[in-house]
Amino acid sequence: MAKRSTKKVAGSRSDYVPDLTPVVAAAAASQHPAAGATAQAILTEIGETVYEWDLVTDKLRWASNAAGALGIPNLRKIEHGRDFDSLVDSDSLMNRTQAVRHAIAVDYGDGVPYEVTYALRVGKEGNKRKIWVRDRGRWYGNHEGEPVLARGAVRVQPNGPGDQQGTERPRFFKERAHLLRLLEDTLAVSQHYAVPFILAVVSIDNLKLAAETYGPQIIDPILQEFATTLEKTVRDTDVVGELAEGEIGIILNRIDPQEAETAVQRIAERMNTVSVPLRDRVVVPVVSVGALVVSGTEADGMRDCLDAVRRALMRAQKAGGGHLVLDRADEPGIGEPQKAREDDVDELLRTLREGRLILSQIPVRDAATGKTVFLHLAPHLLNENGELIPAGKAVDRAEGLGFAQLVDMRLLYLARERLAAAPKQRFCLGVSTGALLNEVWLANLERILRETSGAPNRLIVAVPFDTLLARGAEAAELVEGVRALGATLAARRFDGRFWETRPLAKMGLEFLELELAQLRMDEAEAEDRAWASTADLVAAMGLRALVSGAASAEEEARLAKAGFPLIEKKPA
């Protein structure tokens, strides 16, 4: 063993300098262990060999008995880490590269131990066999915490590990205990090397409802779809695991805080594309995402991080399915609405006071005939330059902050003006969750429908789908109450919880609104199949589906072909 160097490196975080001196000499490919009770012969007999791995160059230096111990004919084929990885069998849950390069730990000078069991395909071409090996060693890091050298031993195991076969959960997910241990390690790395990371929690909000409807056997297919999607979305160095029932924890390591929002937004968008096909329908999970950016020494402890990310998740869930909330550990008052959102709501309230909130008319057309069925009244803000700015998201956020009643009342009076100006036209007005429960708002609705000529049955009141879902049996009474006043109802922000839509058909709803953005997928062919399946399902329930959003001419044609009867398209 070479003597460890004690030379200090200028500008380093500590006095530690890793010893990168090779200890295993490179041997000729033809060299074999000598006969007799030599150390090499003994190791070969028990199926064990040692190695040293330079991660900077990816060079692997093996003891001369490696070929005989592992049954690999030519050591030249495994002179690099990537070459050795090519021998790892697909049944393996992890390999050495993952255990070392993707490790989350701090090297305080003595290296970081690792141990991993995996399978290798060895032998000559045409006569390959699978062996299980246990790989143990230590890796050494540089001053930024990245592994640069690994030294270890590989030993052949008599039998494959039983705990790695027949697993019921998706292999990509870590167990909760393992995930929490890795989070603790991530905090230690973040504090020691002052590197940032992101902790995110993806909540499958309707997983329990799906299990109650279809039985617990639906849970694994849903989790498997999320595992497959996340495996294609996150990096190899990131960590994904089950934090709780219906909750997936994600640790994004070593990420620039300036890129945090983009990274989390990409994950949230991918999660919202997940769907689980069944024999006669498609289940679309409802996802909320809460995330926290932690930079270096701002990471106080695991409990603080978990509490903060759960506060973000609660706000995302309160805003409705498909929402994302991202906080930063260095921001005061974590758990309060972000300033950007406060600004949006403040602007909305100012426009209300100044009379700059207006309703734009967007035609909803019959897919078969192209004729306008009714006009969707969409809230917009009129800015100081006379430009119209969509206010849908600001209205939704105002609902979450308790300002919905004021907005609902103003929108109702604006709708009355449209009803009076166009006596033969039908309109659709979206309102908040609390509108049907507000006696003052209902009284004003009754008066407007009574006093406006021809108003009954010309106004469609669209309420959030989660309102009907949350009210349960009471939802039918609320709908009937509004219908008795002379209006019809529809469900907007439909989030795909198909198993709860059957009762809606009996309520006499006008339509279910699905956002075009939620229907989009990566591949057009898969998109067309999913669209057709969704349209067929809603039709089978006796309901009509409306696709909202600015559809292009090509998308409008595809939606019509898929079977959607109502398509919203902005006028040219």
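According to numbering that gives the first Met the number 0, the sequence shown is numbered sequentially starting from 0. Using N, Cα and C, we set each Cβ at its ideal position, and we do this for glycine too.
Worksheet item: Name the DSSP beta bridge partners of V285, please?
Response: Beta-bridge pairing links V285 to no other residue.
Practice prompt. Starting from I217, follow the beta strand (DSSP E) in both directions and report where the run begins and ends.
Written response: Segment: none, I217 is in no beta strand (DSSP E) and carries neither H nor E.
Discussion item. Considering only their Cβ atoms, is the gap separating L515 from M546 smaller than 8 Å?
Written reply: Note that residue 546 corresponds to Val in the displayed sequence, not to Met. Contact flag set, yes.
Practice prompt. Just grab the DSSP bridge partners of G248 for me.
Written response: V200, G240
Fill in: Three-state class that DSSP yields for L182 in the structure shown
helix
Worksheet item: Where does D204 land, buried or exposed, given buried means 16+ other C-beta within 10 angstroms?
Response: buried
Worksheet item: Within 10 angstroms of its Cβ, does E335 collect 16 or more other Cβ (buried), or is it exposed?
Response: Caution applies to E335, whose pLDDT of 40 falls short of 50 and renders its modelled position unreliable; the model cannot decide the point.
Worksheet item: If you draw a straight line from the C-alpha of Q316 to the C-alpha of S202, how long is it?
Response: 9 Å
Item to complete: Count the other C-beta atoms from every protein chain shown that fall within 10 angstroms of the C-beta of T185, then say buried if there are 16 or more, exposed otherwise.
Response: buried
Worksheet item: Is L181 near K173, with beta carbons less than 8 Å apart?
Response: yes
Worksheet item: Does DSSP put A33 in a helix, a strand or coil?
Response: Here the model assigns A33 a pLDDT of 46, short of 50, so the residue's position is not dependable, and the following value carries that caveat. In this structure, A33 counts as coil in the three-state DSSP scheme.
Item to complete: Go through its chain and collect everything with a Cβ distance to A262's Cβ below 7 Å, but skip five positions before and after it.
Response: I197, L251, I254
Worksheet item: Got a sec? Which residues, its chain only, sit under 7 Å from A210 by beta carbon, not counting five neighbours each side?
Response: I217, I218
Practice prompt. Using three-state DSSP, classify P576 as helix, strand or coil.
Written response: It is not possible to answer for residue 576, since the shown part of the chain is limited to 0 through 571.
Worksheet entry | Spatial distance of G108 from Y139 (CA atoms) | 8 Å
Worksheet entry | Backbone CA spacing between A489 and G507 [nearest angstrom] | 9 Å
Worksheet item: Under a three-way DSSP split, which group does H177 fall into?
Response: helix
Discussion item. Is the beta carbon of L484 closer than 8 Å to that of L435?
Written reply: no
Practice prompt. Write down the C-beta distance between T451 and L418 rounded to the nearest angstrom, noting that I regard them as a contact closer than 8 Å.
Written response: 5 Å
Practice prompt. Please classify L291: is it buried, with 16 or more other beta-carbons within 10 angstroms of its beta-carbon, or exposed?
Written response: buried
Worksheet item: From E167 to T96, what distance separates their C-alpha atoms?
Response: Because the pLDDT at E167 is just 43, under 50, the model does not fix this residue reliably, and the point stays unresolved.
Item to complete: Sort E383, L413, N384 by Cα distance to H375 and report the nearest one.
Response: L413
Worksheet item: Near A339, what residues of its chain come up, given a Cβ to Cβ distance below 6 Å and the 5 sequence neighbours on each side ignored?
Response: Note on A339: pLDDT 44, under 50, position unreliable in the model; the coordinate value appears next. Answer for A339: no residue qualifies.
Worksheet item: Is it right to say K231 is buried, meaning 16 or more other beta carbons lie within 10 angstroms of its own, or is it exposed?
Response: exposed
Worksheet item: Less than 8 Å separating the beta-carbons of L542 and L511?
Response: yes
Item to complete: Keeping to the same chain, check which residues put their C-beta closer than 6 Å to that of T272; ignore five residues upstream and five downstream.
Response: M520
Item to complete: May I ask whether a heavy atom of the ligand SAM can be found less than 7 Å away from the beta carbon of Y192?
Response: Absence of the ligand SAM is noted for the structure shown, with no ligands found whatsoever.
Item to complete: Verify whether the separation of the beta carbon atoms of T48 and V194 is less than 8 Å.
Response: no
Worksheet entry | For D326, the three-state DSSP class (helix, strand or coil) | strand
Worksheet item: Looking only at its own chain, which residues have a Cβ that is under 6 Å from the Cβ of A377, when we skip the five neighbours before and after it?
Response: S359, I361
Fill in: Distance, R81 Cα to R573 Cα
The shown model of the chain, from 0 to 571, leaves out residue 573, and the question about it has no answer.
Discussion item. Residues in the same chain with beta-carbon distance under 8 Å from P72, minus the five sequence neighbours each way, listed in chain order, please.
Written reply: A66, G122, K123
Discussion item. Quick check for students: name the residue ranges of the beta strand (DSSP E) that lie wholly in the region 403 to 483, counting only runs of 3 or more.
Written reply: 426 to 429, 458 to 463
Discussion item. Let's test the definition: count the other Cβ atoms within 10 Å of the Cβ of D235 and tell me whether it reaches 16, buried, or not, exposed.
Written reply: exposed
Practice prompt. Under 8 Å by Cβ, that's how I've got I266 and I249 pegged, so tell me the actual separation to the nearest angstrom.
Written response: 7 Å
Worksheet item: Which residue or residues does DSSP assign as beta-bridge partners of V153?
Response: T48, D134
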